[in-house]
Structure formats: C-alpha cells, structure tokens
Ligand code: AMP
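Listed below in structure tokens is the structure:
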C-alpha cells in the first residue's frame with residue numbers, strides 16, 4: 024500500500040494502475056476509520072482491481088460551530104486498517120492542496136438538499152458535493168463506494184453524478200452496526216457511557232418504524248408516531264427530526280409507498296448522530 028499527499032503523485036499512481044489494465048475503486052472518507060468504512064473497502068475490492076481510499080477531513084462541510092477542530096484524526100491507525108483491508112493507495116492531502124483558493128467554484132445539488140440534514144446544516148451538502156466531485160476528478164475512479172448510513176448524502180451524490188454526467192458508477196453499501204444496533208460512526212467516540220446507552224434510542228426507533236410498516240401493516244404516519252412515542256422515553260436525546268419518507272425523493276409520506284426510508288437525527292449530549300433504515304413493502 025502506498026500513501027500520497029499530492030494530486031500529481033495520486034494521478035501518477037492511478038495512471039500506472041490503469042495502464043496495467045486495472046479498474047479503479049474509490050472510497051472517500053474523513054478518516055477515524057471503523058468497520059463501516061472497511062465494509063466499503065471490501066465492497067470496492069470485490070468489484071475493482073485498485074482501491075483508493077481518500078482520507079480528508081473536509082472543512083467546507085462543517086459549519087463554524089461544528090466539530091471540525093476536534094474531529095478525530097488517528098492517521099496511523101487509519102493507515103494500518105487500510106493496509107490490513109487490502110487498500111492499494113491512500114490519498115491523504117492537506118487542506119491547501121484541496122482548496123488553494125478561498126473563492127473557488129462549488130457544486131450545489133438542488134434536489135433533496137434543503138430538507139432534513141440540509142435544513143439543519145445549511146452549508147453542509149454544498150461542502151459535501153463539492154469535495155466529492157473534486158475527489159472524483161482527482162482520482163478518476165470507475166466506481167465510488169458510499170454508505171447508506173448517510174442516506175441523504177448518497178442520494179445527492181447520485182443526483183450530482185446523473186445531472187453533471189460524471190463518468191463513474193456509485194455503489195451504496197449497507198450500514199454497519201454495533202451488536203446492539205448503534206450505527207457505527209467516527210463520532211461515536213465522543214459519547215460518554217450514559218450517552219452511548221441513550222444513543223440506542225435512535226436505531227431502536229427506526230426498527231420500531233420498520234416493523235410497524237412491514238410486519239404490522241401500519242401507515243407511515245402511525246409508524247412515525249410509534250417512533251416518537253419510543254423516543255419520548257429518552258429525554259437525553261434532543262431530536263432534530265424523525266420522519267418516514269419516500270426513499271427516492273425524501274418527501275415525507277403519510278400513506279405507504281413501496282420504497283420508504285425512516286430517517287432520524289438528534290443530539291445525545293453534545294454529539295449529533297444520524298441514522299436511517301429502509302422500509303420496503
Ligand atoms: P465519513 O468518514 O463519516 O465521511 O464516511 C465515509 C463513508 O463511510 C461515507 O460514505 C459514509 O456513509 C460511510 N459510512 C460511515 N459510517 C458507516 C457505517 N456505519 N456503515 C457503512 N458505511 C458507513
């Protein structure tokens with residue numbers, strides 16, 4: 024495994040892989056890697072011959088009051104995990120390499136970007152779509168791998184790729200969870216023991232919504248109420264939203280449609296967590 028910091032070095036490595044007849048997989052991350060990230064690497068290894076992991080804590084997707092400066096950056100551990108997982112190349116640029124100019128161009132995807140996470144983190148998705156397109160243009164992968172954990176994010180990235188004719192394919196990989204159901208996240212390291220217990224309310228309430236719609240045949244409106252009733256038992260969870268939406272448009276639904284997604288976000292202590300679960304009927 025090689026690690027590079029500059030765009031020239033990245034392109035040299037990727038070019039020689041391509042000349043050797045390899046197709047290129049890319050897994051964009053902000054580091055602090057856990058088994059969720061590694062599952063994306065495993066998916067990339069199955070479908071592509073040369074796997075590039077990018078590790079970059081992207082400043083433009085953090086609002087000024089968010090956790091950019093304290094975001095975990097355990098680079099040595101991350102590199103070890105990548106090596107063990109069979110990654111071919113890690114691209115770990117610094118911020119000046121990625122953003123040489125303050126007034127640079129950006130990418131905004133209007134569809135689905137102003138609701139849910141977009142409503143609670145207004146500048147977030149512009150930062151995400153901009154960095155992801157930049158990374159695509161730097162790496163030039165054939166396939167890029169994202170997690171369902173960030174459901175709205177992968178939907179926006181799919182829209183961006185379609186709308187701007189970006190010549191690659193997107194894969195969305197299932198959310199990897201701890202054995203008690205908590206979705207793995209780099210931010211889980213912020214949770215105290217009591218917060219960690221309260222955080223379980225998120226995945227529990229998603230499961231309640233899922234089972235209400237599928238096993239019990241309840242309407243999304245009733246399933247959402249069941250979620251809210253469960254969450255009401257956890258006063259430490261400060262909810263931003265808990266909704267059941269059309270999985271393709273993210274519009275909230277009161278009556279069932281075939282592909283739905285229950286989405287939740289809230290703060291536990293000072294840590295903001297998100298999670299979601301697909302509901303297919
Ligand atoms: P991040 O480092 O948080 O920006 O995440 C990098 C990629 O890993 C994104 O595509 C995330 O959706 C994905 N990811 C994060 N957590 C998980 C998880 N628990 N299971 C699967 N993918 C995940």
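In the working numbering, the protein residues as written are 24 to 304.
Using N, Cα and C, we set each Cβ at its ideal position, and we do this for glycine too.
Exercise. Could you tell me whether any non-hydrogen atom of the ligand FAD is closer than 7 Å to the CB of residue 268?
Key: In the structure shown, the ligand FAD is absent; the only ligands present are the ligand AMP.
Quiz item: What's the call for residue 88, buried or exposed, on a 16-neighbour Cβ count within 10 Å?
Solution: Classified as exposed, residue 88 has fewer than 16 neighbouring CB atoms from the shown chains inside 10 Å of its CB.
Practice problem: Please find out if some non-hydrogen atom of the ligand AMP comes closer than 7 Å to the beta-carbon of residue 236. | Solution: Result no, Cβ not under 7 Å from the ligand AMP.
Quiz prompt | Exposure of residue 212, with buried meaning 16 or more beta-carbon neighbours within 10 Å | solution = With fewer than 16 other Cβ atoms within 10 Å, it is exposed.
Self-check item: the region 75 to 94 / the region 110 to 124 touching (three or more Cβ pairs under 8 Å)
Solution: A contact between stretches requires three or more CB pairs, one per stretch, nearer than 8 Å, and the region 75 to 94 meets this requirement with the region 110 to 124.
Quiz prompt | Simplified DSSP assignment, three categories, for residue 135 | solution = Per DSSP, reduced to three states, the secondary structure at residue 135 is coil, with no helix or strand assignment.
Quiz item: Would you call the CB atoms of residue 136 and residue 179 closer than 8 Å?
Solution: Going by C-beta atoms, residue 136 is nearer than 8 Å to residue 179.
Quiz prompt | Supposed close pair residue 223, residue 252 - CB separation, criterion 8 Å | solution = Residue 223 to residue 252, Cβ: 16 Å. No contact.
Quiz item: Run through DSSP, which three-state label would residue 63 get?
Solution: Residue 63 carries a helical assignment under DSSP once its states are collapsed to helix, strand and coil.
Practice problem: Give a yes or no on whether the C-beta atoms belonging to residue 153 and residue 129 are separated by under 8 Å. | Solution: Cβ atoms of residue 153 and residue 129: closer than 8 Å.
Quiz item: If residue 196 and residue 63 are in contact, beta carbons under 8 Å, what's the gap, nearest whole angstrom?
Solution: Right, their Cβ atoms sit about 5 Å apart.
Quiz item: From what residue to what residue does the beta strand (DSSP E) around residue 282 run?
Solution: Run containing residue 282: 282 to 291, per the beta strand (DSSP E) assignment.
Quiz prompt | Exposed unless 16 or more other CB atoms sit within 10 angstroms - verdict on residue 71 | solution = With 16 or more neighbouring CB atoms inside 10 Å of its own CB, residue 71 falls in the buried class.
Exercise. Would you mind listing the alpha helix (DSSP H) stretches within the region 29 to 86 that are 4+ residues and don't spill past its ends, in chain order?
Key: For the alpha helix (DSSP H) assignment, the uninterrupted runs of no fewer than 4 residues enclosed by the region 29 to 86 are, from N- to C-terminal side, 30 to 42 and 58 to 70.
Quiz item: Does DSSP classify residue 115 as helix, strand or coil?
Solution: If DSSP states are grouped into helix, strand and coil, residue 115 belongs with coil.
Quiz item: Roughly how many whole angstroms lie between the Cα atoms of residue 119 and residue 244?
Solution: Distance between the alpha carbons of residue 119 and residue 244: 47 Å.
Quiz prompt | Element boundaries [beta strand (DSSP E), containing residue 261] | solution = Its beta strand (DSSP E) spans residues 260 to 269.
Exercise. Ignore the nearest five residues each way along the sequence and tell me which others in residue 278's own chain have a CB closer than 8 Å to its CB.
Key: If we look at residue 278 and ignore the five residues flanking it on each side, its Cβ neighbours are 242, 243 and 244.
Self-check item: CB-CB length for residue 299 against residue 287, believed under 8 Å
Solution: That pair is a contact at about 7 Å.
Quiz item: Along the chain, which unbroken stretches of the alpha helix (DSSP H) at least 4 residues long are found entirely within the region 168 to 212?
Solution: For the region 168 to 212, the continuous alpha helix (DSSP H) assignments of 4+ residues that do not extend past its boundaries occur at 174 to 186, in sequence order.
Exercise. Can you grab the Cα-Cα spacing for the pair residue 82 / residue 38, in whole Å?
Key: Distance between the alpha carbons of residue 82 and residue 38 is about 28 Å.
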